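> To convert, count from 1 in the sequence shown and add 62; that's the working numbering.
Handing you this structure, nothing more for now.
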Amino acid sequence: SGYINNLAVLSNVAKEYAPPGKSLISVSLIDVEAVNFDCGQRAHVSDQVLRQLRDWFGPQVDAWQHLRSYHIPFALPSQSVADFEAVIRSVEPWGQEGPICCGDHRETSSIQGALNSGIRAAEVALQRLGAK
Numbered sequence: 063s064g065y066i067n068n069l070a071v072l073s074n075v076a077k078e079y080a081p082p083g084k085s086l087i088s089v090s091l092i093d094v095e096a097v098n099f100d101c102g103q104r105a106h107v108s109d110q111v112l113r114q115l116r117d118w119f120g121p122q123v124d125a126w127q128h129l130r131s132y133h134i135p136f137a138l139p140s141q142s143v144a145d146f147e148a149v150i151r152s153v154e155p156w157g158q159e160g161p162i163c164c165g166d167h168r169e170t171s172s173i174q175g176a177l178n179s180g181i182r183a184a185e186v187a188l189q190r191l192g193a194k
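Structure follows, in structure tokens:
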């Protein structure tokens with residue numbers, strides 16, 4: 063529970079994203095659209111996020127520096143774990159002779175869903191070409 067949807071240490075993927083000895087961490091939040099973003103609510107969300115990060119990583123979080131926030135409306139639909147039903151749709155919705163279809167709409171509405179769907183589509187394409 064909490065506002066954090068996911069966290070990624072981007073500098074673990076590309077070291078040049080952060081100065082030597084530092085890390086760049088990206089935190090994506092969910093359900094903040096429902097919050098009325100006046101000054102008090104922003105502080106509330108920030109406090110809740112920091113509390114959640116401290117629960118995960120301990121007091122070292124207090125030494126972290128917030129660089130920037132971006133509000134991206136309609137980035138992903140809300141997918142509550144309580145309401146979520148696992149969905150994996152075929153990448154061949156028109157059958158084995160039709161076009162191969164991939165994207166986050168074939169799995170979960172997320173980058174991970176898009177990647178998983180793309181992998182499945184590539185496997186089908188290789189199979190159709192006789193390469194697998």
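By construction, the Cβ of each residue, glycine as well, lies at the ideal position given by its N, Cα and C atoms.
Predicted model only: the values in this text are computed from it and were never measured.
1) Can you round the beta-carbon distance between residue 172 and residue 153 to whole angstroms, since I take them to be within the 8 Å contact cut?
2) Could you please give the first and the last residue of the uninterrupted beta strand (DSSP E) stretch that includes residue 88?
3) Quick test of your reading: residue 130 and residue 123, contact by CB under 8 Å. State the CB separation rounded to the nearest angstrom.
4) Identify whether residue 173 lies in helix, strand or coil by the three-state DSSP scheme.
Straight from the coordinates:
1) About 16 Å; that fails the 8 Å criterion.
2) 87-91
3) No, residue 130 and residue 123 are not in contact; Cβ-Cβ is about 17 Å, not under 8 Å.
4) DSSP places residue 173 in the helix class (H, G or I) of the three-state scheme.
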